[in-house]
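Numbering (the working numbering), first residue to last: 186 to 468.
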């Protein structure tokens with residue numbers, strides 16, 4: 186008798202855009218090449234796991250992806266790219282120049298920190314968990330050392346005024362002004378050592394999961410709410426509306442150009458080594 190295929194572990198974050206996108210996959214609402222087993226964790230942990238090749242499918246920041254391209258390739262669907270979606274730099278008071286300033290960062294391998302390096306090469310990033318950034322900036326210190334500003338991501342985009350903070354720069358606007366392209370933030374990766382047929386089937390399954398969520402938005406709400414912690418419903422929905430868009434369904438030619446440009450600039454500033462490997466699973 187044929188045996189059932191082994192479950193595929195899929196890592197993604199607790200953020201509403203991820204739980205919205207992957208609701209149908211983990212709930213068995215659509216056909217998948219193998220049963221999907223969800224593994225939820227914070228983005229920094231997922232970045233670290235990808236460096237070790239732990240999961241066959243995983244969400245990761247594009248900056249972190251560039252460092253594990255020998256092991257993983259990105260799906261064309263399920264990622265976070267777009268316009269008006271970038272991380273924000275916030276502070277207690279307006280600042281014109283962050284060069285030489287200590288800036289809270291949500292992680293060394295985040296796209297946010299790469300953008301900081303591209304915009305202000307001499308800024309001094311101070312890494313911490315993303316949910317620690319706003320409280321640290323509000324205090325003006327972290328670990329007993331002064332802190333001038335912070336990079337905020339995820340739902341913090343919507344709540345930073347509650348901490349008495351002001352926006353210094355929208356890094357998405359900066360990127361779009363520099364390149365004319367949407368900003369790549371996060372990608373869904375599949376291990377390169379898996380068969381191409383399985384990679385393409387996973388890509389199609391993610392695309393269908395997004396289509397299901399768009400067609401049945403109320404059905405996914407309980408699952409999204411379960412993982413959204415203290416986030417109120419308005420912020421939760423704003424998060425989904427912002428980060429799940431046409432580029433989530435498929436990066437398209439414009440999205441591909443954006444990813445290639447981010448990779449090129451990261452190589453140019455010495456953040457990573459060049460690579461000729463394909464960036465995406467073929468259609």
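Note that CB positions come from ideal geometry on N, CA and C, so glycine has one too.
Beta-carbon within less than 8 angstroms of residue i's beta-carbon, same chain only, minus the 5 sequence neighbours each way: which residues are those?
i	result
residue 192	219, 220, 221, 222
residue 161	Beyond the ends of the chain as shown, which are 186 and 468, falls residue 161; an answer cannot be given.
residue 326	332
residue 504	Because the chain spans 186 through 468 in this model, residue 504 falls outside it and cannot be assessed.
residue 416	201, 340, 424
residue 284	305, 306, 307, 308
residue 282	305
residue 190	218, 219, 220
Which residues does DSSP list as the beta-bridge partners of residue i?
i	result
residue 397	Per DSSP, none; premise fails for residue 397.
residue 311	289
residue 193	221
residue 446	Residue 446 is not bridged to any residue.
residue 330	327
residue 369	266
residue 351	276
residue 375	242, 258
residue 206	According to DSSP, residue 206 bridges with nothing at all.
residue 335	275, 289
residue 199	DSSP lists no partner for residue 199.
residue 465	259
Look at the Cβ atom of residue i, then the Cβ atom of residue j, and state whether they are nearer than 9 angstroms.
i	j	result
residue 318	residue 329	no
residue 245	residue 398	no
residue 352	residue 275	yes
residue 468	residue 260	no
residue 208	residue 404	yes
residue 286	residue 309	yes
residue 344	residue 420	yes
residue 414	residue 354	no
residue 374	residue 267	no
residue 210	residue 390	yes
residue 277	residue 350	yes
residue 424	residue 339	yes
residue 462	residue 252	no
residue 314	residue 451	no
residue 409	residue 230	no
residue 295	residue 368	no
residue 466	residue 381	yes
Using only CA atoms, which one of the options lies nearest to residue i?
i	options	result
residue 240	247, 277, 377	377
residue 264	432, 232, 254	432
residue 362	300, 233, 326	300
residue 341	307, 194, 201, 195	201
residue 428	396, 270, 289, 236	270
residue 347	357, 423, 322, 371	322
residue 454	437, 390, 304	304
residue 436	422, 411, 262	262
residue 384	217, 212, 204, 198	217
residue 312	320, 295, 291	291
residue 464	423, 448, 280, 306	448
residue 515	394, 248, 194	Nothing can be reported for residue 515: it is not among the residues displayed for the chain, which extend from 186 to 468.
residue 402	386, 392, 422	422
Taking 9 angstroms as the threshold (beta carbon to beta carbon), is residue i in contact with chain C?
i	result
residue 319	No chain C is part of this structure, which consists of one protein chain only.
Grab me the residues of residue i's own chain with a C-beta within less than 6 angstroms of its C-beta, minus the 5 sequence neighbours each way, in chain order.
i	result
residue 356	271, 272, 300
residue 460	254
Short of 7 angstroms in beta carbon distance, which residues of its chain neighbour residue i, apart from the five on each side in sequence? Order them along the chain.
i	result
residue 337	272, 273, 275, 318, 319, 345
residue 187	Any answer about residue 187 is weak, because its pLDDT of 44 lies below 50 and its placement is not dependable; what the coordinates show is given next. Here the set comprises nothing.
residue 434	262, 392, 395
Length at least 3, wholly inside the stretch 236-289: the beta strand (DSSP E) runs in chain order: Note on the stretch 236-289: whole beta strand (DSSP E) runs with a minimum of 3 residues are 242-246, 257-259, 265-267, 273-276, in chain order.
Fully enclosed by the stretch 377-442, which alpha helix (DSSP H) runs are 4 residues long or longer? 381-400, 406-412, 418-428, 431-434
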